[in-house]
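**Q** So that we are looking at the same thing, I have put the structure below in structure tokens.
Protein chains: 4
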Amino acid sequence: MVRVSVVGAKGRMGSHVVDAVKGAPDTELALTLDAGDDLAAITPDNTDVAVEFTVPSVSLGNVLVLVAQGVDVVVGTTGWTAEKLDKVREALAAAPRKDQAVFIAPNFAISAVLADHFATVAARYFESAEVIELHHPTKVDAPSGTAFHTAQGIAAARKAAGLGPVPDATETDGGSRGQVVDGIHVHAVRLRGLNAHEEILFGNAGEQLTIRADSFDRTSFMPGVLLAVRKLAEGGHAGLTVGLDHFLDL
Amino acid sequence: MVRVSVVGAKGRMGSHVVDAVKGAPDTELALTLDAGDDLAAITPDNTDVAVEFTVPSVSLGNVLVLVAQGVDVVVGTTGWTAEKLDKVREALAAAPRKDQAVFIAPNFAISAVLADHFATVAARYFESAEVIELHHPTKVDAPSGTAFHTAQGIAAARKAAGLGPVPDATETDGGSRGQVVDGIHVHAVRLRGLNAHEEILFGNAGEQLTIRADSFDRTSFMPGVLLAVRKLAEGGHAGLTVGLDHFLDL
Amino acid sequence: MVRVSVVGAKGRMGSHVVDAVKGAPDTELALTLDAGDDLAAITPDNTDVAVEFTVPSVSLGNVLVLVAQGVDVVVGTTGWTAEKLDKVREALAAAPRKDQAVFIAPNFAISAVLADHFATVAARYFESAEVIELHHPTKVDAPSGTAFHTAQGIAAARKAAGLGPVPDATETDGGSRGQVVDGIHVHAVRLRGLNAHEEILFGNAGEQLTIRADSFDRTSFMPGVLLAVRKLAEGGHAGLTVGLDHFLDL
Amino acid sequence: MVRVSVVGAKGRMGSHVVDAVKGAPDTELALTLDAGDDLAAITPDNTDVAVEFTVPSVSLGNVLVLVAQGVDVVVGTTGWTAEKLDKVREALAAAPRKDQAVFIAPNFAISAVLADHFATVAARYFESAEVIELHHPTKVDAPSGTAFHTAQGIAAARKAAGLGPVPDATETDGGSRGQVVDGIHVHAVRLRGLNAHEEILFGNAGEQLTIRADSFDRTSFMPGVLLAVRKLAEGGHAGLTVGLDHFLDL
Chain A
-13 MVRVSVVGAK
-3 GRMGSHVVDA
7 VKGAPDTELA
17 LTLDAGDDLA
27 AITPDNTDVA
37 VEFTVPSVSL
47 GNVLVLVAQG
57 VDVVVGTTGW
67 TAEKLDKVRE
77 ALAAAPRKDQ
87 AVFIAPNFAI
97 SAVLADHFAT
107 VAARYFESAE
117 VIELHHPTKV
127 DAPSGTAFHT
137 AQGIAAARKA
147 AGLGPVPDAT
157 ETDGGSRGQV
167 VDGIHVHAVR
177 LRGLNAHEEI
187 LFGNAGEQLT
197 IRADSFDRTS
207 FMPGVLLAVR
217 KLAEGGHAGL
227 TVGLDHFLDL
Chain B
-13 MVRVSVVGAK
-3 GRMGSHVVDA
7 VKGAPDTELA
17 LTLDAGDDLA
27 AITPDNTDVA
37 VEFTVPSVSL
47 GNVLVLVAQG
57 VDVVVGTTGW
67 TAEKLDKVRE
77 ALAAAPRKDQ
87 AVFIAPNFAI
97 SAVLADHFAT
107 VAARYFESAE
117 VIELHHPTKV
127 DAPSGTAFHT
137 AQGIAAARKA
147 AGLGPVPDAT
157 ETDGGSRGQV
167 VDGIHVHAVR
177 LRGLNAHEEI
187 LFGNAGEQLT
197 IRADSFDRTS
207 FMPGVLLAVR
217 KLAEGGHAGL
227 TVGLDHFLDL
Chain C
-13 MVRVSVVGAK
-3 GRMGSHVVDA
7 VKGAPDTELA
17 LTLDAGDDLA
27 AITPDNTDVA
37 VEFTVPSVSL
47 GNVLVLVAQG
57 VDVVVGTTGW
67 TAEKLDKVRE
77 ALAAAPRKDQ
87 AVFIAPNFAI
97 SAVLADHFAT
107 VAARYFESAE
117 VIELHHPTKV
127 DAPSGTAFHT
137 AQGIAAARKA
147 AGLGPVPDAT
157 ETDGGSRGQV
167 VDGIHVHAVR
177 LRGLNAHEEI
187 LFGNAGEQLT
197 IRADSFDRTS
207 FMPGVLLAVR
217 KLAEGGHAGL
227 TVGLDHFLDL
Chain D
-13 MVRVSVVGAK
-3 GRMGSHVVDA
7 VKGAPDTELA
17 LTLDAGDDLA
27 AITPDNTDVA
37 VEFTVPSVSL
47 GNVLVLVAQG
57 VDVVVGTTGW
67 TAEKLDKVRE
77 ALAAAPRKDQ
87 AVFIAPNFAI
97 SAVLADHFAT
107 VAARYFESAE
117 VIELHHPTKV
127 DAPSGTAFHT
137 AQGIAAARKA
147 AGLGPVPDAT
157 ETDGGSRGQV
167 VDGIHVHAVR
177 LRGLNAHEEI
187 LFGNAGEQLT
197 IRADSFDRTS
207 FMPGVLLAVR
217 KLAEGGHAGL
227 TVGLDHFLDL
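As you go down the protein sequences, you meet chains A, B, C and D in turn.
According to the numbering used here, the first sequence is numbered sequentially starting from -13.
According to the numbering used here, the second sequence is numbered sequentially starting from -13.
According to the numbering used here, the third sequence is numbered sequentially starting from -13.
According to the numbering used here, the fourth sequence is numbered sequentially starting from -13.
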């Protein structure tokens, strides 16, 4: 059994992690901490992997403490910059255990990670490509970071394959063609009832390939969180790993 | 058997009309005319309904001649303005037959006409609504006239039902939210391999309604053309009628 | 303010009704009852409309009591047979108020009710029609009652329009063509992560019309429940009404 | 320029190949042969790659002749059995050129080949998986060979990953759950207006991944045919290769 402690256990995501750890046959819940609790309680004696889902302002500090205590960490908090990631790498280099591991993922939904990966594989084989993301109407940014990343990946794959710009004869448009990210058009839909969805469209003469990832609610992130927990627990992932695609056989 | 003459018989649409008229069990092909041919040949002696699929610059003239000769006309040519429509009405008022009829449709695809109609019915029952149209990449205007019309219809239905603006908390956007038509966001996708497609999305808390019309090729317009031909042939539609929805039991 | 009492208030659906009644600007929560509570507490003095979401074995009895006490009832419990409905009609005929109303709906999701209605309108205009329903894998019956009802409606509309059987040249099949309901093929998908979804496909040469209703969770039924509550509260719906389509402007 | 001869040049597929070869910037049309023409005309002097799209009864014979004459062959004709493939391998072993190549593909649509591949990659990460294929109503077999192959691939990937059966609590069903291929449910839709389409659905708690390939018409196979022609022309693919996935960077 992998012993898992949860930091931010009462939060929106953390409470789902607690349930997921309890529900899985190969993990057991160790400690649950929240704002005000002392991270020092989490040690290799009671915890194999800590899962950290808090807020950007405290996440780096939490990770540094946990690393110093010799605990592997799976991080779901967002807001990581290159500077912050470097500090994690430095902490790992100075960590008590040589094989210590930290895993950070911008997106734990396996469907979204797979869709993003498949998009980069398919991109080189199609004349046309566009991205549509659909979210709940309380989201403040558009397009989503995931859609932006997917468009960049498609553009890079097209460039590497020697493809030119996508065909587009549009002469008059009042904004309906969306945002252009590295030459790829990205559209954002906001609809009550939706959560987080991405649809990637590829076209050649006579054919279309569509890849769609739907995240209906936060439980969709739990298989990804558990996958990361198991990967760290089985070892062999020393250092900092960013992105769930590194833990999928792609 | 309804005797049908085709004006613009060698054109992209006209040639499909010729095939459709030949293929239907209740219609037969009378005359086929093209640029340079004399419209005077089409008379009530040989033709019950003329189908006119030419170009905007000559279509009004063709219709006026046919009306003067006492022939009912189904028109698929685009580019009709209020002024042009008024001239058709004047010609009909002075026509030899009192029950003479002209039918003009901006879109003969039954799926598209039904989708547009259903959208106006559904609009009053949902908090959110957006329109995505998808076309081949050689189309020069965006969004499509059909999508624009659908968005206007949704907006009018929402207003009539007392609904306020759609919820949208977007604060930062580089254009991904598309074009706003009367408060309704419209997105245009251009993809090689596609022809003409429209997807209308409605959302409430916990639910979504999607209506999608796909026109894969020009044969998709033929059931609508034949429907209009039959309606004029059976009579009872004297005067000018614009829009296939008038001939559907909605 | 419409005063609403909820019978089965702690149930899966009832608890959502309580929240919805509290959250709407024009309704207020009166009494909340559950198994063991005395229905006699609900009277016209404290309640305009009672919402009943319990289990089939007790629902009829609850409705009869509420009618006898002069309270209008919106019923969401399933399992209504023709015999049970007749007993409600008898009770209404003998009710203290002449304008007393009971409303029963097999499905309160507006998207599903609209999809079902649109399908019957569209059915007469297409050569082909099929129904795909998709649900969570813990559902014990297949296909869903909604999909069965939709297929029957499509078949009836086709028959009324004089359409023959759908084209299908299939000669060899191991069961993939699904269940045939009145000549319409119905497919049931069971997928973890889904809740209740229906997709209705229509096809003509060169075109397709797709109507899809997604119910992501139980909150999707609340707009329909509130709509029914408001309709009964505004009066004019004396007697028994079955089906949310009667309260939509279709 | 790659010199391409087409065998079966007047056939439904062959005529598209002729157009595609003429239209591509890096290929040129050499000879076009049909039933009755002498294959001896196609030699390394005039042809780099021959494309063979005929009928199953003559295809093997054609390939053996072309191999004996030292010409590489891309084969799109269906109906290949293990015995037939062995004869091609024997012919290649005895061929005049050591690096001689024959390529046979059951499906040249890149979107379909990618969808099939992505399905096997994704399969190990989801609790649920089902396959829906949609075709024109004149198709005589159901489900399609492609859908059958996809289901087998998903089942094999699940087994390799140690996944058990898909969750399914269905107790009563009249056939709507479709055909079960190695434990994976497969549904076949037949709809006028469609050509060849496949949708693969994966589900976990809270999330769904959908992969869809649409082939709208025969031009959809041409990018795949040209890709195979280029691969054989550039060399390095000696022997018999079956399946377009071998020529994609997956």
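A virtual CB, placed ideally from N, CA and C, is assigned to each residue, including glycine.
Could you check what DSSP says for residue 190 of chain A in three-state terms: helix, strand or coil?
**A** If DSSP states are grouped into helix, strand and coil, residue 190 of chain A belongs with the strands.
**Q** Residue range of the alpha helix (DSSP H) that residue 140 of chain B falls in?
**A** Note, residue 140 of chain B: alpha helix (DSSP H), 131 to 146.
**Q** Under a three-way DSSP split, which group does residue 83 of chain A fall into?
**A** Residue 83 of chain A falls in the coil class under three-state DSSP.
**Q** In angstroms with no decimal places, state the Cα-to-Cα distance between residue -7 of chain A and residue 174 of chain B.
**A** Approximately 44 angstroms between the Cα atoms of the pair.
**Q** Would residue 233 of chain B count as contacting chain C if we go by Cβ distances under 8 angstroms?
**A** No - not a single Cβ of chain C is within 8 angstroms of the one on residue 233 of chain B.
**Q** Under 9 angstroms, CB to CB, which of the residues in the segment 177 to 191 of chain B have a partner in chain D?
**A** Hits within the stretch, in order: 179, 180, 181.
**Q** So which residues on chain A does residue 163 of chain B lean against when the C-beta distance must stay under 9 angstroms?
**A** Those within 9 angstroms of residue 163 of chain B in chain A are 128, 129, 161, 164, 165, 173, 174, 175, 176.
**Q** Please state the DSSP three-state secondary structure of residue 67 of chain D.
**A** Residue 67 of chain D: coil per DSSP, three-state reduction.
**Q** Which residues does DSSP list as the beta-bridge partners of residue 159 of chain A?
**A** According to DSSP, which records beta bridges pairwise, residue 159 of chain A is partnered with B/128.
**Q** Which partner residues does residue 120 of chain C have in the DSSP bridge list?
**A** According to DSSP, residue 120 of chain C bridges with C/175, C/183.
**Q** Please classify residue 76 of chain B: does DSSP put it in a helix, a strand, or coil?
**A** Correct three-state label for residue 76 of chain B: helix.
**Q** Can you name the residues that DSSP bridges to residue 227 of chain C?
**A** DSSP lists C/89 as partners of residue 227 of chain C.
**Q** What do you reckon, is the C-beta of residue 179 of chain C under 7 angstroms from a heavy atom of the ligand PLP?
**A** For the structure depicted, the ligand PLP is absent and the ligand set is empty, with no information on it obtainable.
**Q** From residue 201 of chain C to residue 211 of chain A, what distance separates their C-alpha atoms?
**A** So the two alpha carbons sit approximately 27 angstroms from each other.
**Q** DSSP has residue 200 of chain D in a bridge; who is on the other side?
**A** Paired residues: A/194, D/183.
**Q** Which residues in chain B sit within 8 angstroms of residue 141 of chain C, going by Cβ to Cβ distance?
**A** Residues of chain B passing the Cβ test: none, with the nearest at roughly 17 angstroms.
**Q** Leaving aside the five residues before and after residue -13 of chain C along the sequence, list all residues of the same chain whose C-beta is less than 6 angstroms from its C-beta, in chain order.
**A** If we look at residue -13 of chain C and ignore the five residues flanking it on each side, its Cβ neighbours are 14.
**Q** Check the Cβ of residue 193 of chain D against every Cβ in chain C and list those closer than 8 angstroms, keeping chain order.
**A** Near residue 193 of chain D (Cβ distances below 8 angstroms), the residues of chain C are 179.
**Q** Considering just the uninterrupted stretch of the beta strand (DSSP E) at residue -11 of chain A, what are its terminal residues?
**A** Run containing residue -11 of chain A: -12 to -7, per the beta strand (DSSP E) assignment.
**Q** Of all the CB atoms in chain D, is at least one closer than 8 angstroms to the CB of residue 39 of chain B?
**A** It does not: the Cβ of residue 39 of chain B has no partner Cβ on chain D nearer than 8 angstroms.
**Q** Considering only their Cβ atoms, is the gap separating residue 90 of chain C from residue 228 of chain C smaller than 8 angstroms?
**A** It is a contact, given that the beta carbons lie within the stated cut-off.
**Q** Just confirm the distance between the C-beta atoms of residue 63 of chain D and residue 45 of chain D, as a whole number of angstroms; I'd bet it's less than 8 angstroms.
**A** Confirmed, about 4 angstroms.
**Q** Relative to chain D, which residues along the segment 92 to 118 of chain A have a C-beta separation below 7 angstroms, given in chain order?
**A** Taking 7 angstroms as the Cβ-Cβ cut-off against chain D, the residues of the segment 92 to 118 of chain A that qualify are 95, 96, 97, 100, 101, 104, 107, 108, 111.
**Q** Of all the options D/167, D/170, D/207, D/188, which has the alpha carbon lying nearest to the alpha carbon of residue 179 of chain B?
**A** Of D/167, D/170, D/207, D/188, the residue nearest in Cα terms is D/207.
**Q** Rounded to whole angstroms, what is the Cα-Cα separation between residue 203 of chain C and residue 131 of chain D?
**A** Cα to Cα, the separation comes out at about 36 angstroms.
**Q** Between the beta-carbon of residue 33 of chain C and the beta-carbon of residue 17 of chain C, is there less than 8 angstroms?
**A** Against a cut-off of 8 angstroms, the Cβ pair of residue 17 of chain C and residue 33 of chain C comes out as a contact.
**Q** Pull up the distance between the alpha-carbon of residue 9 of chain A and that of residue 153 of chain D, whole angstroms please.
**A** Cα-Cα distance, rounded: 17 angstroms.
**Q** Between residue 169 of chain A and residue 114 of chain A, what straight-line distance do the alpha-carbon atoms span, to the nearest angstrom?
**A** So the two alpha carbons sit approximately 11 angstroms from each other.
**Q** Can you look up residue 18 of chain D in the DSSP assignment and give me helix, strand or coil?
**A** Strand, per DSSP.
**Q** Determine, using beta carbons only, whether residue 56 of chain B and residue 82 of chain B come nearer to each other than 8 angstroms.
**A** Yes, they are a contact pair.
**Q** Using DSSP with H/G/I as helix, E/B as strand and the rest coil, what is residue 40 of chain A?
**A** Three-state DSSP puts residue 40 of chain A in coil, outside helix and strand.
**Q** For residue 218 of chain D, which option in D/116, D/88, D/107 has the closest C-alpha, if you only look at C-alpha atoms?
**A** Among D/116, D/88, D/107, the Cα nearest to that of residue 218 of chain D is on D/88.
**Q** Output, in chain order, the set of chain F residues within a Cβ distance shorter than 7 angstroms of residue 124 of chain A.
**A** Looking at the structure shown, chain F is missing, and the protein chains on hand are A, B, C and D.
**Q** Are the segment 102 to 119 of chain B and the segment 121 to 131 of chain C touching by the rule of at least three beta carbon pairs closer than 8 angstroms?
**A** No: the two stretches stay apart, fewer than three of their Cβ pairs being nearer than 8 angstroms.
**Q** Let me check understanding here. Comparing Cα to Cα, which of A/135, A/129, A/69 lies closest to residue 92 of chain A?
**A** It is A/135 whose Cα lies nearest to the Cα of residue 92 of chain A.
**Q** Does the distance from the C-beta atom of residue 230 of chain B to that of residue 99 of chain B stay below 8 angstroms?
**A** Cβ distance < 8 angstroms, so residue 230 of chain B and residue 99 of chain B count as in contact.
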